[in-house]
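Residue numbers (numbering that gives the first Met the number 0): 0 to 410. Backbone N, C-alpha and C fix where the C-beta goes; we use that ideal spot for every residue, glycine too. It should be emphasised that the depicted structure is a prediction, and the values quoted were computed from it without experimental measurement.
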Amino acid sequence: MSRDFVGALLQLNAEKGVSREQLVRTVEEAIQSAYRRVAGDEDIQVRIDAETGKVHVYRARLVVEEIEDSATQMTLEDARTHQADAEIGDTVETEQLDQEAFGRIHAQTAKQVVLQRLHEVERNVVFDKYASSEGELITGTVSRIEPRAIVLELGKAEAILATTEQSPLEHYRIGQNVKAFVLEVRRSAKGPQIYISRTHKGFLRRLIELEVPEVHAGTVEIKAIAREAGSRSKVAVTSRQPGLDPVGATVGQRGARVQAVVAELGGEKIDVIEWSEDPAAFVAKALSPAQVIEVRIDEEHRIANVVVPERMLSLAIGREGQNARLAAKLTGWRIDIRSDVSVAEAAAEAVRVEAEAESAEAAADAVVEIAPADVAVAAPAVAEIVDAPAKPKRRKAVKSSEAVDDAEVSS
Numbered sequence: 000m001s002r003d004f005v006g007a008l009l010q011l012n013a014e015k016g017v018s019r020e021q022l023v024r025t026v027e028e029a030i031q032s033a034y035r036r037v038a039g040d041e042d043i044q045v046r047i048d049a050e051t052g053k054v055h056v057y058r059a060r061l062v063v064e065e066i067e068d069s070a071t072q073m074t075l076e077d078a079r080t081h082q083a084d085a086e087i088g089d090t091v092e093t094e095q096l097d098q099e100a101f102g103r104i105h106a107q108t109a110k111q112v113v114l115q116r117l118h119e120v121e122r123n124v125v126f127d128k129y130a131s132s133e134g135e136l137i138t139g140t141v142s143r144i145e146p147r148a149i150v151l152e153l154g155k156a157e158a159i160l161a162t163t164e165q166s167p168l169e170h171y172r173i174g175q176n177v178k179a180f181v182l183e184v185r186r187s188a189k190g191p192q193i194y195i196s197r198t199h200k201g202f203l204r205r206l207i208e209l210e211v212p213e214v215h216a217g218t219v220e221i222k223a224i225a226r227e228a229g230s231r232s233k234v235a236v237t238s239r240q241p242g243l244d245p246v247g248a249t250v251g252q253r254g255a256r257v258q259a260v261v262a263e264l265g266g267e268k269i270d271v272i273e274w275s276e277d278p279a280a281f282v283a284k285a286l287s288p289a290q291v292i293e294v295r296i297d298e299e300h301r302i303a304n305v306v307v308p309e310r311m312l313s314l315a316i317g318r319e320g321q322n323a324r325l326a327a328k329l330t331g332w333r334i335d336i337r338s339d340v341s342v343a344e345a346a347a348e349a350v351r352v353e354a355e356a357e358s359a360e361a362a363a364d365a366v367v368e369i370a371p372a373d374v375a376v377a378a379p380a381v382a383e384i385v386d387a388p389a390k391p392k393r394r395k396a397v398k399s400s401e402a403v404d405d406a407e408v409s410s
């Protein structure tokens, strides 16, 4: 039975990937738990010899100065009756138990506990293995295609690639090998749940590290990535080694290195640009392949005002604004793009408006200067009209009446 036990330990060690020491400790705790369930004693201990497979079951208590739990503790005086050199803090064996007296039913209980504990250990080992791989690449085989996710088989675990983490350019089939970026690893009753992505910008970073030795070695550094998965990405790189062209090293001879990454991403376009500490220069490069005439930086509002040739305006903005949007994500600046023609027209319009405003202001000043003189000239005439006596219209009418009467008398 001891040989069988050691053989089982070696087999578990090979199959589960669990160390022999951890397996032995797990089995000891499981058998100890089973004994305590049966006997109801908390002082039962189990020790297993990993080489021979012999199981030693005994009662033991902890040596303390003052007893708080008599079921598991004993004084130093009592401990030295069992072990002469016992000291405070030691665990002293008080009685050895007969394994045969454990019984078949109790052995079945111990077996169940052992299997349960072994499953827990296996899940913990698998979790620890993949928990350390967060932020790294893994390769799995498509085992199931579900409405909301694709499940990859990793060997001892499964990875979940949700539809929201899939590129719209890609289609999968059962048995296909797929690379992905590990987002998160969670514990669950069925084992570790591994959530992966192929749209995360970290996935692009890891792919570039695989294809570009200079990036992997650290002589070329990826400073920033802006990505719209399945369509286009922009990568800003810089060199830590004098004389090394970071863009050329990343793209490779005739674009071989970046094309390998593009192939893995299903044809997604990748723009590699050189990073710069100067915000204006960095924004101008980020808008490539469009040419930039001028970049004015507004530090207060974090806005980069960019002027491009009229023929380059649509290229700078990109289809549905994609090029400008990615450049803004890459640089961290809001980008306002205008053509040189519109800027010139706006400047001319501003000059015209300013000239009109100046002429209107000059005319207003002239009116103000003339108005007081007119008032001074007009004032005497008004006074003269006011002071003139009114004509006796009624009297004239009376005279005319008298004249009529005289005429009638004379006739």
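Asked: Given Ala-158 as reference, the closest of Asn-123, Lys-178, Arg-333 once Cα atoms are compared; Found: Lys-178
Asked: Secondary structure of Ser-196, DSSP reduced to three states; Found: strand
Asked: The stretch 181–195 / the stretch 147–157 touching (three or more Cβ pairs under 8 Å); Found: yes
Asked: Pro-288 and Asp-339 closer than 8 Å at C-beta; Found: no
Asked: Reduced DSSP category for Gly-139 - H, G, I as helix; E, B as strand; rest coil; Found: strand
Asked: C-beta contact flag for Val-125 and Thr-25 at 8 Å; Found: no
Asked: For Leu-325 and Ala-303, the rounded distance between their alpha carbons; Found: 14 Å
Asked: As assigned by DSSP and simplified to three states, the class of Asp-297; Found: strand
Asked: Any beta strand (DSSP E) of 3 or more consecutive residues that is wholly inside the stretch 305–350; Found: 333–338
Asked: For Ile-87 and Ile-47, the rounded distance between their alpha carbons; Found: 25 Å
Asked: Thr-218 - containing alpha helix (DSSP H), residue span; Found: Careful: Thr-218 lies outside any alpha helix (DSSP H) and carries neither H nor E.
Asked: Same chain only: Cβ atoms within 7 Å of Ala-130, ignoring 5 sequence neighbours per side; Found: Val-184
Asked: For Arg-197 and Gln-165, believed in contact at Cβ under 8 Å, the rounded distance; Found: 6 Å
Asked: Sub-8 Å separation of Val-411 and Leu-182 beta-carbons; Found: Absent from the model: residue 411. The displayed extent of the chain is 0 to 410, so no value can be given.
Asked: Where Gly-331 falls, given that 16 or more other Cβ within 10 Å makes a residue buried; Found: exposed
Asked: Local Cβ density within 10 Å of Ile-173, reported as buried at 16 or more and exposed below that; Found: exposed
Asked: From Ala-161, Val-141, Ile-272, Pro-146, residue whose alpha carbon lies closest to that of Glu-152; Found: Val-141
Asked: C-alpha distance - Ile-66 paired with His-81, whole-angstrom precision; Found: 17 Å
Asked: Segment limits, beta strand (DSSP E) that includes Val-236; Found: 231–238
Asked: Secondary structure of His-55, DSSP reduced to three states; Found: strand
Asked: Cβ neighbours of Gly-320 in the same chain (closer than 7 Å, five flanking residues each side left out); Found: none
Asked: Per DSSP, cross-strand counterpart(s) of Gln-72; Found: Leu-61
Asked: CB of Ile-415 within 8 Å of CB of Ala-285, strictly; Found: It is not possible to answer for residue 415, since the shown part of the chain is limited to 0 through 410.
Asked: Among Asp-297, Gly-229, Gln-290, Val-63, the one whose alpha carbon lies nearest that of Gly-265; Found: Gly-229
Asked: Endpoints, the alpha helix (DSSP H) within which Arg-256 is located; Found: 255–263
Asked: Separation of Arg-295 from Val-412, as counted between CA atoms; Found: In the structure as shown, the chain begins at 0 and stops at 410. Residue 412 is therefore absent and cannot be evaluated.
Asked: Residue nearest to Glu-263 in terms of C-alpha spacing, selected from Gly-217, Ala-327, Phe-202; Found: Phe-202
Asked: Local Cβ density within 10 Å of Asn-176, reported as buried at 16 or more and exposed below that; Found: exposed
Asked: Span of the beta strand (DSSP E) around Lys-178; Found: 176–185
Asked: Residues near Ala-283 in its chain [Cβ-Cβ closer than 7 Å; skip 5 each side]; Found: Val-291, Val-294
Asked: Residues that Gln-165 bridges to, as DSSP identifies them; Found: Paired residues: none, contrary to the question.
Asked: Buried/exposed call for Ala-29, threshold 16 Cβ in 10 Å; Found: buried
Asked: Three-state secondary structure assigned by DSSP to Ala-29; Found: helix
Asked: Per-residue burial, Ala-345 [other beta carbons within 10 Å of its own, 16 or more giving buried]; Found: exposed
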